[in-house]
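In our numbering, the protein residues as written are 65 to 833.
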């Protein structure tokens, strides 16, 4: 059984612990054969979803439930001089109104501002909340609230925020100079200026990426029920334990007084990995009214106030020899993080510059700025998507400059180790293998057929690494064998729509030697089951899978000991397959059901923990993509004709689910590259497209054939299952691959994402001049 091991004692006397397995589970071998793992098993929750039995946060309905709505600021920056909620409170059917005039002093965001602050800092900031017998009455009540605003100067984009004379989004003793949201993040290895002095070729360009919106199918929100001293939240979240901790901390409650439940969820893409205001508001309204309260965002509120991918400006310099060898990388990255700090998005834009290629001289400088817009939060492969657009576009420009094949340029600068940490990868050849698989499947670097007279075809290539996907401790699981030979698996993780229920069940069934339908997984509830971390970083399978396997190993060992006693043989000579117990050299001797019937009421239970990652190596995931496009030079229309993607995720637990993640991520990558952009009227600070009518996302009409050139190579050093995550990484290279393909087609470089018709036509017109 896992135990806590004292690790070190350092800053401020804090003690750090690690989880240590006294007898770590040995990894499945690279050539091991499986009965369940690696098979395209049907998703275990599929029946519930297609029949409507699956209950999402919006479906939660409790006796006497009320419905909440939120009044939001119409101004990007204003001080609330007066607020009068008396008419709203008097409306029949209204049970409670919260605002800065009566709300308890609860602090939120990294800036620790009041929940209902008298300063509003973006269009959509919360001003007041109403709980009523239904949504219509609550919305009527919002219209009765009278607010007197003092409208203040604001900054609506990155350029405005950086200006020395810009209005300040935040003031106070803790504020950084100007609109800086934090201390600049500076990194350097080697001697960058000496590297550029040696360079025979220098590429220096600026790349811009947009504000993109998550647009999860299910918006943020929850149903809160505060009964006596117990608060229960039915929450749409990627992190039930983080929500429990965040809400308990904000409300000064013991953590055991807050229970968070999340059974089914319509996507998160990183935006739901933290606790958000709807949970806290619903909880306070439930305490105020003594009744359950549901607060779910509508689409406009979701797209104004529930996070976004940060816009960036990346000033990039690459220095190289004429043979393509990189001798220096230098980048300054400016990021707009919105009005508040939430977490995740701004932290890693520089990561891909620091680690993707072999280069001794690298300097990155990252500056995050406040703006009077909705706060940014992690978005599927946060930072690496934006960074890859800059770096991989610049690498394509370097390949053109030195007249080198884009694949060979990447291989010329290939690294088998983590450049920033100075340690090798656990899978040092994975990216090389992905490059080879993708290129072979694509058929070379030329488009398949020429286009029409006004339509030009081109091919683009890009690669990536990703800091996530390898999993990490802590994470725990229990496995219990029942008297009828079935098994219960309990863990505190959450399935956010990616199929974690199925993949984790496959791991348990494989180790226990049981059919899938005899294993049931319980998750998504802090009220029972052990801790599991946030479902982010593509880490759930690689974090909880090993914990479940460790628990299953324990339970199976107890089962075989019991069977050996019954059968009068050595446990080492027994094995379990498809629910039956086999004796070496003899064959089937019993079944799990028969053994458990003999065991009777005595419990067989295993407890497992996620062990530490290797200390002398880095676990990373990698991938490569080719994209073919057709560009209409008269209209600026870009059609993606096909995508070939090869991505490393270690051992594939379920090939169907891996393929679905690749397709979904590439589809979002097409949106990032060509369509998606939150548009703000900088004169008024108003978002012009906060809904799906005007915010364009790819549909089935925009998504081409996507071929997954499968890379199924177990990473046996990463964890005992050999599996790594796949949910986020395939989004990373799609945008730059599209940009590179457009240049290949028309010979004009667009360095701002998304590459809209307008931007492309302007670039074409400028090239003609």
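Every residue gets a Cβ at the ideal spot worked out from N, C-alpha and C, and that includes glycine. Computed from a prediction, not measured in an experiment: that's the story for all the values here.
Item, Value
"Just mark residue 769 as buried or exposed, buried being the case when its beta carbon has 16 or more other beta carbons within 10 Å.", "exposed"
"Which partner residues does residue 379 have in the DSSP bridge list?", "270, 396"
"Excluding five sequence neighbours on each side, which residues of the same chain lie with their C-beta closer than 6 Å to the C-beta of residue 534?", "606, 683, 782, 788"
"Report yes or no: do three or more beta-carbon pairs, one from the stretch 334-352 and one from the stretch 107-122, lie closer than 8 Å?", "no"
"Smallest Cα separation from residue 246: which of 430, 272, 501, 488?", "430"
"Can you grab the Cα-Cα spacing for the pair residue 462 / residue 722, in whole Å?", "33 Å"
"Give me the Cβ distance between residue 162 and residue 315, rounded to the nearest whole Å; I'm assuming they're in contact under 8 Å.", "Incorrect: roughly 14 Å between the Cβ atoms, too far for contact."
"Between residue 435 and residue 401, is the Cβ-Cβ spacing less than 9 Å?", "yes"
"Could you give the distance in angstroms between the alpha-carbon of residue 623 and the alpha-carbon of residue 553?", "15 Å"
"Check whether the Cβ atoms of residue 735 and residue 818 lie closer than 9 Å to each other.", "yes"
"Could you tell me which whole beta strand (DSSP E) segments of length 3 or greater appear in the stretch 623-702?", "638-641, 644-647, 651-655, 668-673, 685-696"
"Classify residue 557 as helix, strand or coil using the three-state DSSP reduction.", "coil"
"State yes or no: is the C-beta of residue 773 within less than 9 Å of the C-beta of residue 501?", "yes"
"Let's see if you can read the secondary structure: which residues bound the alpha helix (DSSP H) around residue 485?", "No alpha helix (DSSP H) holds residue 485; DSSP gives it neither H nor E."
"Are residue 498 and residue 688 close, meaning C-beta to C-beta below 9 Å?", "yes"
"Closer than 7 Å by C-beta to residue 526: which residues in its own chain qualify, once you throw out the five before and the five after it? Chain order, please.", "452, 456, 689, 797, 800, 801, 804"
"Taking the continuous alpha helix (DSSP H) assigned at residue 585, which residues delimit it?", "No alpha helix (DSSP H) holds residue 585; the beta strand (DSSP E) holding it covers 583-586."
"If we count the other Cβ atoms within 10 Å of its Cβ and call it buried at 16 or more, is residue 222 buried or exposed?", "buried"
"With C-beta atoms as the reference, is residue 454 less than 9 Å away from residue 569?", "no"
"Over the uninterrupted beta strand (DSSP E) stretch that includes residue 721, give me the two end residues.", "Run containing residue 721: none in the beta strand (DSSP E); it sits in the alpha helix (DSSP H), 719-734."
"What does the alpha-carbon distance come out to for the pair residue 598 and residue 304?", "7 Å"
"In three-state terms, what does DSSP make of residue 75?", "With a pLDDT of 36 at residue 75, under the threshold of 50, the modelled position of that residue is not reliable, and no figure is offered here."
"Pairs of beta-carbons, one from the stretch 277-292 and one from the stretch 353-373, closer than 8 Å: are there three or more?", "yes"
"Can you name the start and end residues of the beta strand (DSSP E) that residue 433 belongs to?", "426-434"
"Using 10 angstroms around the beta-carbon of residue 667, count the other beta-carbons present and answer buried if the total reaches 16, otherwise exposed.", "exposed"
"Less than 9 Å between the C-beta atoms of residue 531 and residue 601, yes or no?", "yes"
"Identify the residues that DSSP records as bridge partners of residue 529: which are they?", "686"
"For residue 77, I'd like the list of residues in its chain whose CB is within less than 6 Å of its CB, leaving aside the five on either flank, ordered along the chain.", "In this prediction, residue 77 has a pLDDT of 45, which is less than 50 and means its spatial position is unreliable; what the coordinates show is noted afterwards. None."
"What does the alpha-carbon distance come out to for the pair residue 672 and residue 585?", "15 Å"
"On the DSSP bridge assignment, give the partners of residue 519 in chain order.", "696"
"Which of the three DSSP states is assigned to residue 286 in this structure?", "strand"
"Should residue 725 go down as buried or exposed, given a rule of 16 or more other Cβ atoms within 10 Å for buried?", "buried"
"Between the stretch 251-269 and the stretch 381-391, are three or more C-beta pairs nearer than 8 Å?", "yes"
"Start and end of the alpha helix (DSSP H) containing residue 416?", "415-419"
"Would residue 587 be called buried (16 or more neighbouring beta carbons within 10 Å of its own) or exposed?", "buried"
"Just list the beta strand (DSSP E) runs in the stretch 156-241, keeping only unbroken ones of 3 residues or longer that don't cross its boundaries, in chain order.", "158-163, 190-196, 210-215"
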